[in-house]
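For the sequence shown, our numbering gives the first residue as 202, with consecutive numbering after it. Structure, as structure tokens:
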Amino acid sequence: MASETKNSQPFLTDIKTLRERARSNLQTGAVTFTYQGDVQKTIAILQSVLATEIVCVLRYTMHAVAAAGISSEGVKAEFSQHAKEEAQHAQQVAERINQLGGKPDFNPTGLATRAASEYGNAGNLVDMIKENLIAERIAVDHYRELIRYFGNEDPGTRTLMESILTVEEEHANDMHDLLVAHEGRPMLPG
Ligand SMILES: [Fe+2]
Ligand SMILES: [Fe+2]
């Protein structure tokens, strides 16, 4: 009677098994056997992040154009730089949605309600800076929560959100510094 020697189960999946799984799961793209997150939920969350970033692009772009008054040039340049970085975030998040098998939602209909941040209606330079600071703080809080949510279930999405969070923290800091420069002190409501 042939007895089959059973290999002890390795802690890490062996390369052969990994390759076989990767081949058999080609149609699912980046979502492989070891993905532990809820893919549909991740895609839904990222659609809201995408909307948040698009609203930030629109707001900063409008501010960069509309900002006026004494010493507005430096502020306009800052708004313009932030608009570019928010556009990069939107692109990165859209790529991730695509990797996970979703279709990134760029539809302008309902954009504002999908987003965590607001477009705003500031009429002067200082109000613009305040609106941006508030929007950045909302993004920072929101993204920190998401990073905790993704944890070890989805390290790819978590790492992406961590890299975006770092930039949002810099943005919040930039807006805070501008507010102090223009008002002498931070003047956030509440
Ligand atoms: Fe952003
Ligand atoms: Fe930002």
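Idealized CB from N, CA, C, for every residue including glycine. Quick caveat: nothing in here was measured; it's all calculated off a predicted structure.
Asked	Found
For residue 383, collect the residues of the same chain with a Cβ closer than 6 angstroms to its Cβ; drop the 5 residues on either side in sequence, then sort them by chain order.	327
From residue 298 to residue 240, what does the alpha carbon distance come to, in whole angstroms?	10 angstroms
For residue 270, which residues from the same chain have a beta carbon less than 8 angstroms from its beta carbon, with the 5 sequence-adjacent residues on both sides left out?	325 and 326
Within 10 angstroms of its Cβ, does residue 318 collect 16 or more other Cβ (buried), or is it exposed?	buried
Find out if the Cβ-Cβ distance for the pair residue 284, residue 251 is shorter than 7 angstroms.	no
Let's see if you can read the secondary structure: which residues bound the alpha helix (DSSP H) around residue 360?	356-384
What first and last residue would you give for the alpha helix (DSSP H) that runs through residue 237?	It is not in any alpha helix (DSSP H) - residue 237 carries neither H nor E in the DSSP assignment.
Under 7 angstroms between the Cβ atoms of residue 329 and residue 323?	yes
Using a threshold of 7 angstroms, state whether the C-beta atoms of residue 368 and residue 296 are closer than that.	no
Do residue 256 and residue 320 have their beta-carbon atoms positioned less than 7 angstroms apart in this structure?	yes
If distances are taken between C-alpha atoms only, which option among 366, 300, 352 and 361 comes closest to residue 341?	366
Enumerate in chain order the residues of its own chain whose CB-to-CB distance from residue 273 is below 7 angstroms, with the five nearest sequence positions on each side excluded.	326
Taking its Cβ as the centre, do 16 or more other Cβ atoms sit within 10 Å of residue 371, making it buried, or is it exposed?	exposed
In terms of alpha-carbon separation, which member of 253, 373 and 356 lies closest to residue 314?	253
For residue 339 versus residue 363, is the C-beta spacing smaller than 7 angstroms?	no
Below 6 angstroms, is the gap between the Cβ of residue 264 and the nearest heavy atom of ligand 2?	no
Nearer than 6 angstroms: is that true of the beta carbon of residue 372 relative to any heavy atom of ligand 2?	yes
In whole angstroms, what is the alpha-carbon distance linking residue 266 and residue 281?	8 angstroms
Mind listing, in chain order, the continuous alpha helix (DSSP H) runs of no fewer than 4 residues lying wholly within the stretch 251-309?	273-300
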